[in-house]
Amino acid sequence: MKSFILTFAFVIIAGLIPWGFADDAVMAAVPTHKAAQLTAGPELETATDTSAIIRWTTINPGGTALHYGVVHYGTDAKNLTQVAQSPNRRNPSHPDMIFRVRIMRLNSNTTYYYKVESTGATGASDGVSSSVKTFKTQ
């Protein structure tokens, strides 16, 4: 009987301790933010002979405070191998998030193709991905 009582007491006490092993696996599988959606843009904000700023707006994706606007670009619409990105702070009280990414070291009088996405601080996609757009430097 003593062994039964000790076993029962151990099971009760062990059940009260927040081990967290199973919870960790479940929490890791749960996304940290909701998928964002484009609400405006992407569009060229400004361009010079050697730089451009691309701007777009998404629904506030939630999750971490830090997000990144990412522009994939190049001179061939099927080969957007160059990447520019810019950090952005999420304001939880705003319904939208505006991204602005500066692209530097461009060639003058050249047509560029681009598409945008946004990511959380860990690099996980916010679910935003645009179609391919175009702009021309001066």
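Take the sequence shown: its letters are residues 422 to 559, numbered as in the working numbering. We put the CB at the ideal spot given by N, CA and C, even for glycine. Computed from a prediction, not measured in an experiment: that's the story for all the values here.
Cα-Cα separation, residue i to residue j
i: N481; j: V549; result: 11 Å
i: T502; j: S546; result: 18 Å
i: T531; j: E538; result: 23 Å
i: R526; j: T471; result: 5 Å
i: A468; j: G484; result: 32 Å
i: G462; j: W477; result: 5 Å
i: V553; j: A498; result: 7 Å
i: G490; j: E466; result: 14 Å
i: S529; j: S551; result: 25 Å
i: T543; j: A486; result: 11 Å
i: E464; j: T540; result: 18 Å
i: T496; j: A457; result: 28 Å
i: F520; j: N512; result: 12 Å
Reduced DSSP secondary structure (H/G/I, E/B, other) of residue i
i: D470; result: coil
i: A498; result: coil
i: S550; result: strand
i: Q559; result: coil
i: T527; result: Strictly speaking, residue 527 in this sequence is Leu, with Thr absent from that position. Three-state DSSP puts L527 in coil, outside helix and strand.
i: Q458; result: coil
i: N509; result: strand
i: T543; result: coil
i: T485; result: coil
i: H515; result: coil
Rounded Cβ spacing between residue i and residue j (contact assumed at less than 8 Å)
i: A473; j: T558; result: 7 Å
i: H493; j: Y535; result: 6 Å
i: D517; j: T479; result: 7 Å
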